[in-house]
Structures are given as C-alpha cells and as structure tokens.
Amino acid sequence: MANEHLARIFWSDEQVRRGLPAFTRTTDPAWFDSPDEGWTMICRFHASPREQGTPSVAQVAFVTADAPHSRLVPGARLNLFERSTRQVAVVEIVE
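All letters in the sequence shown, in the order written, are residues 10 to 104 by our numbering.
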C-alpha cells in the first residue's frame, strides 16, 4: 500500500460490546475534524481486531492520491466509520 502508516485503532465502546471485527482488511470513510472532509481509508491488520483487542494495530493509508497524506504524521488522530455500529473508531498514527 502506498503512503502506508502504522496506526492504533481504538474501537467505540459499542463495537467492543458487540464484539470486535473478525476481518483483517477494511476500507471505510475516515476524517479529521468534520465528516464533510472525508476520505476513504484502507486498514490492514496483521491479526483481526477480534484477536488483538482494542486498540488494534494496523497499516493504514488513504485510497486516493488527492487525499491529505501529509497529515498522516505520528500523533495525528482521525475518525474511522464503524459499519456495524454506525459510530466511530479513533485512528492514531504511530509512524
């Protein structure tokens, strides 16, 4: 994945209550401050979130070339849409 970054994903309390996802890859909307400024993000997990718990470690990247890749720096945080709960997980860029 181009422009890939190591990240921790902190799942919502509702997602934890329902059970963390069993997938090892997902593509979902993500945004920094406003969902009006959303981008598609790919998350690849070495082990599923269900196996890892929260936070889950993943390699993340924006899909499109015009996304704000330069904002994915260590310490940056953005929201990731959780499909099953319709809530948000928090993505924290590690490196």
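Positions of the beta carbon are idealized from the N, C-alpha and C atoms, including for glycine.
| Asked | Found |
| --- | --- |
| Quick one, are the C-beta atoms of VAL97 and LEU89 less than 8 Å apart? | yes |
| If we count Cβ pairs, one from each stretch, closer than 8 Å, do we get three or more for the region 70-78 versus the region 16-35? | no |
| In whole angstroms, what separates the C-alpha of ALA103 from that of PHE71? | The identity of residue 103 in the sequence shown is Val, whereas the question assumes Ala. Computed Cα separation, rounded: 15 Å. |
| One question on the structure: do SER65 and PHE32 come within less than 8 Å of each other, judged by their Cβ atoms? | no |
| Compute the Euclidean distance between the alpha carbons of ARG53 and VAL99, then round it to the nearest angstrom. | 15 Å |
| Is DSSP giving GLN24 helix, strand or coil here? | helix |
| Helix, strand or coil for GLN96, going by three-state DSSP, please let me know. | coil |
| In angstroms with no decimal places, state the Cα-to-Cα distance between ILE18 and ARG95. | 16 Å |
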